[in-house]
Every structure is written in C-alpha cells, then in structure tokens.
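Accompanying notes for the structure given below.
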Amino acid sequence: MHKLDSARNKTDTLINSFDVALMSNTKWVKLLNALSKLNLSSAVTTVKLIWDTDVRSFRLDDEIEFNFDYFPSSVESLISGYPKGFYDYKEIEWLNINTSVANLKLIEDRLDEIGQFCIYKSVSCIQVFAYKNT
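Residues 58 to 191 in this note's numbering are what the sequence shown lists, from first letter to last.
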C-alpha cells in the first residue's frame, strides 16, 4: 500500500472513532468565506487536527481566498507546523478563535446567518467543532 493511501486510511479510522461528524467540505467553505470577510486581524485562531496532539495556528484574515488558500475540500498553507501544505477539512477536529467581545458578536452573527454549528463560547473565544464524542 502506498504511504499516502495508508495515511488516508489512518485519517478515516480516526474520523470513525468520533460519535458525530458535524462539518462537511461545503460547510467549511461557507465558514471560511464568511470569517475571512470579517476584520479579525487581531484574533488568535487555532486548530486541532484529529491525528495530532498539537494545537496549531490557523491563518484567518481578509487576504485568504477561495481557489487560492482554501478549496472545495482542503486548505493550503493556512495551518502551521509539519507537514506543510494541504490539509483536508476532514482532518480538522475544531477551530478556535480568541478575540474581542465585539468580534465574538460579529462571528456569532455571521455563523447564525450561514447555518447551524456546534460551538463553545466563552468571554474571549468561540470554538467551532467538526467532530464530537457524545
């Protein structure tokens, strides 16, 4: 088996270990499109990949574009760490945005406009889950 096929099988096995999948590729594209249009340059955005224990930084600003930084099924060069390059949306366990109260309200309003999301909110952050265990 090719190394890439083996890695994909491992990812699919990890995905199947969750009770619920909450995001699709289409929903990720809608989310990134909406968030990139907000002025969140002061926000600290992180992601957790399902196959990694590290929390990685995620570039989210008004410069990211569909078909340049994010695509129908993946993102390119938006997630820090190794390996560098493309990450499929299905590899993202959650996205966390730590920002001001005013920005949190903007984010929440935008999320409500585009669909239903499984989120956790605090006074300084909003976290969007792609997978959960019940």
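Glycine included, C-beta positions come from ideal geometry on N, C-alpha and C.
Where the alpha helix (DSSP H) containing residue i begins and where it ends
{"i": "LYS105", "result": "Run containing LYS105: none in the alpha helix (DSSP H); it sits in the beta strand (DSSP E), 101-106."}
{"i": "SER93", "result": "82-93"}
{"i": "ASN96", "result": "No alpha helix (DSSP H) holds ASN96; DSSP gives it neither H nor E."}
{"i": "ILE176", "result": "Looking at the DSSP string, ILE176 is not in any alpha helix (DSSP H); the run it does join, the beta strand (DSSP E), is 175-178."}
{"i": "GLU150", "result": "First-last for GLU150: 149-155, but that is the beta strand (DSSP E), not the alpha helix (DSSP H)."}
{"i": "ILE183", "result": "Not the alpha helix (DSSP H): ILE183 falls in the beta strand (DSSP E), residues 182-186."}
{"i": "LEU161", "result": "158-171"}
Residue of the options minimising C-alpha distance to residue i
{"i": "TYR177", "options": "ILE72, LYS60 and LEU152", "result": "LEU152"}
{"i": "TYR144", "options": "PHE115, ALA100, ALA78 and SER74", "result": "PHE115"}
{"i": "ASN155", "options": "ASP76, ASN90 and ALA100", "result": "ALA100"}
{"i": "ARG113", "options": "LYS60, THR68, GLU148 and SER181", "result": "GLU148"}
{"i": "ASN96", "options": "GLU150, LYS162, ARG65 and ALA64", "result": "LYS162"}
{"i": "THR68", "options": "LEU168, GLY142 and TYR146", "result": "TYR146"}
{"i": "ALA187", "options": "ALA64, LEU71 and ASP166", "result": "LEU71"}
{"i": "PHE174", "options": "SER181, SER81 and GLY142", "result": "SER81"}
{"i": "ARG65", "options": "ILE107, VAL180, ASP169 and GLY172", "result": "ILE107"}
{"i": "GLU165", "options": "ASP109, ASP119, LEU117 and ALA91", "result": "ALA91"}
{"i": "ILE183", "options": "GLU170, SER157 and ILE171", "result": "SER157"}
{"i": "ASP109", "options": "SER98, ILE171 and PRO140", "result": "PRO140"}
Own chain partners of residue i with C-beta closer than 7 Å, once the 5 adjacent residues on each side are dropped
{"i": "THR191", "result": "ASP76 and VAL77"}
{"i": "ASP111", "result": "GLY138"}
{"i": "LEU79", "result": "CYS175, PHE186, ALA187, TYR188 and LYS189"}
Sequence-distant residues of its chain with Cβ nearer than 8 Å to residue i (five each side left out)
{"i": "ILE121", "result": "LEU89, SER93, TYR127 and LEU135"}
{"i": "THR102", "result": "SER114, PHE115, ARG116, LEU117, LEU152, ASN153, ILE154 and ASN155"}
The beta strand (DSSP E) enclosing residue i, as first and last residue numbers
{"i": "ARG113", "result": "112-114"}
{"i": "ASP119", "result": "No beta strand (DSSP E) contains ASP119, which DSSP labels as neither H nor E."}
{"i": "ASP145", "result": "143-145"}
{"i": "SER131", "result": "131-133"}
CB contact below 8 Å: residue i versus chain B
{"i": "ASP169", "result": "Of the protein chains in this structure there is only one, and it is not chain B."}
Cβ neighbours of residue i in the same chain (closer than 6 Å, five flanking residues each side left out)
{"i": "LYS105", "result": "VAL112, GLU150 and TRP151"}
For the pair the stretch 84-91 and the stretch 114-132, tell me if three or more CB-CB distances fall below 8 Å. yes
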